[in-house]
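According to numbering that gives the first Met the number 0, the sequence shown is numbered sequentially starting from 0. Virtual Cβ for every residue (Gly too), placed ideally from N, Cα, C. Owing to the predicted nature of the structure, the values given are computational and were not obtained by experimental measurement. Structure record follows, encoded as structure tokens.
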Amino acid sequence: MFTMFSVFTNEVDDIDLAVKEITEQLKDKKLLKNTIGIIACYFEFIENGTIEALCKELPFELIGCAVQGSAVNARGGMEQLSLTVLTSNEVTFTTAISEPIFPENFDSVVENVYADASKLEKDPSLIFLLGPITTNVSGHKILKKLDQLSNGIPIFGTLSNDTSLKYESSYIFRNNEPHLRKMVLLFMHGNIQPRFYTTSIVTRNIVRQYAVVTDASEYLVKKINNLPVIEYFKSIGVQTSKLAAVSMFPFLVDFGDGTVPVAYSMYDVSANGAYCGGEIPVGSQITFAEIDYNSIIETAEITLRQALDDVEKNGANGMIAIPCFTRSLVIIPNTEDEIKKSLEIVGDKIPFTLIYSGGEICPTYNQQQKIINRFHNLTYTVMVF
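This is the structure:
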């Protein structure tokens with residue numbers, strides 16, 4: 000037996016009341032032999048001691064991160080604490096928290112935390128990742144390393160995020176161990192059959208101007224169709240000044256391996272090239288697209304309808320949605336409309352959690368239905384399991 004349920008609080012000013020609200024919602028829930036709690040919360044819940052108090056009060060391990068927006072079946076909001084509980088007699092859970100990650104120690108830190116999570120059982124059915132968002136270690140790089148270490152075991156998760164420009168409150172934590180540069184791994188062992196769904200861009204918003212990356216270095220695209228990036232944009236009539244809000248005009252990248260194209264934000268466009276939210280290899284086919292209010296709402300609905308169709312046909316224990324938090328910025332001033340739409344669609348059909356993401360980590364499928372782990376930007380991702 001495997002069960003998922005979620006509870007919440009929006010009480011950010013009174014720690015005792017916040018803990019009471021959580022424990023009251025949990026009192027009628029049955030915990031099985033193995034239990035883990037996953038928290039997504041507004042950063043103040045970490046800084047004011049609410050997480051510490053919950054760790055002392057609750058009889059199971061907690062992992063989590065700061066996010067700008069979360070939801071459960073009952074309610075969602077930009078300043079909410081959402082707690083998702085996974086409990087099972089057969090499925091086991093193993094967690095590990097890393098040392099702080101920097102470019103100079105990256106490989107050893109990721110290898111060590113993976114080894115720590117592997118101590119009890121080496122081959123999980125699913126890896127849930129909570130990663131830090133930093134200016135010099137990308138989420139894509141973390142995922143790439145974990146994919147190598149795990150030999151392609153499905154990895155699903157998110158990077159932390161907050162409202163600051165320098166990620167000063169984007170904490171990751173395991174129990175009462177908050178940190179800005181650590182990562183947490185949750186290994187799930189047992190009979191878990193996760194399925195994954197992603198949608199980034201509605202078809203009408205894709206610019207049908209396909210090209211090939213001909214020079215690139217990891218996250219920097221230098222040449223497209225053998226032209227410097229700025230010259231390429233000029234050749235198709237796009238002024239780089241119009242790309243000032245670069246996250247609004249992502250590259251859509253086809254890796255040529257049979258998986259669906261992946262959206263990567265352009266964080267900067269200059270004479271050096273375009274710095275992107277994920278690694279784009281030479282030979283990748285790209286186009287670019289635009290996101291707007293309607294496309295945000297539509298892609299959320301498309302992804303959730305696909306996932307719910309799966310649930311109806313095949314059954315599931317729960318559903319976790321991880322959309323990019325930039326999507327909530329695109330729809331300002333109606334910041335919570337995507338949350339409201341998601342809750343309207345899911346209703347009480349299945350236990351549901353939504354976590355806004357600083358970088359979406361979700362597998363995709365090739366034409367042979369083999370899982371390929373991917374890092375995404377601006378995308379609505381869902382795991383059914």
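Under DSSP, H188 forms a beta bridge with T91. Apart from sequence neighbours up to five positions away, the residues of its chain that approach G189 with a beta-carbon distance below 8 Å are F1, S87, E89, V90, T91, S124, ordered along the chain. Beta-bridge annotation (DSSP): C64 is paired with A39, I171.
Pairing N9 with V18, the inter-Cα distance amounts to about 11 Å. By alpha-carbon distance to N174, the top candidate from Y364, L53, E23 is L53. Taking 7 Å as the cut-off, the Cβ atoms of Q238 and T286 do not count as close.
Here D347 carries a coil assignment [DSSP, helix/strand/coil]. In the same chain as F232, and ignoring 5 residues on each side of it, the C-beta atoms closer than 6 Å to its own belong to T239, in chain order. Between L16 and the set T49, E359, Q67, the nearest pair of CA atoms involves T49. In terms of Cβ geometry, E337 and I290 do not form a close pair [threshold 7 Å]. Taking 7 Å as the cut-off, the beta carbon of T202 is found no closer than this to the beta carbon of T378. Here E359 is near T380, since their CB atoms are less than 7 Å apart.
Between A215 and I223, the C-beta gap is not smaller than 7 Å, which leaves the two residues out of contact. Contact check for A299 and S341: beta-carbon distance about 6 Å, within the 8 Å limit, so the pair qualifies. Counting other Cβ atoms within 10 Å of its Cβ, L80 reaches 16 or more and is therefore classed as buried.
Taking C-beta separations shorter than 7 Å and ignoring five residues to either side along the sequence, the partners of I349 in its chain run V310, A315, G317, M318, following chain order. Residue environment for G282: exposed (fewer than 16 other C-beta atoms within 10 angstroms of its C-beta). Residue state for T378 is assigned as coil, using DSSP reduced to three classes. In this structure, DSSP gives R74 a state outside helix and strand, which the three-state scheme calls coil. Looking only at Y292, I321, K312, Q284, the smallest Cα-Cα distance to T302 is reached by I321.
DSSP places Q284 inside the beta strand (DSSP E), whose first and last residues are 284-287. In the DSSP assignment, D253 falls within the beta strand (DSSP E) that extends over 250-253. For C64, the closest of V383, D161, E297 by C-alpha to C-alpha distance is D161. Under DSSP, M265 forms a beta bridge with C275.
In the DSSP assignment, L307 falls within the alpha helix (DSSP H) that extends over 292-313.
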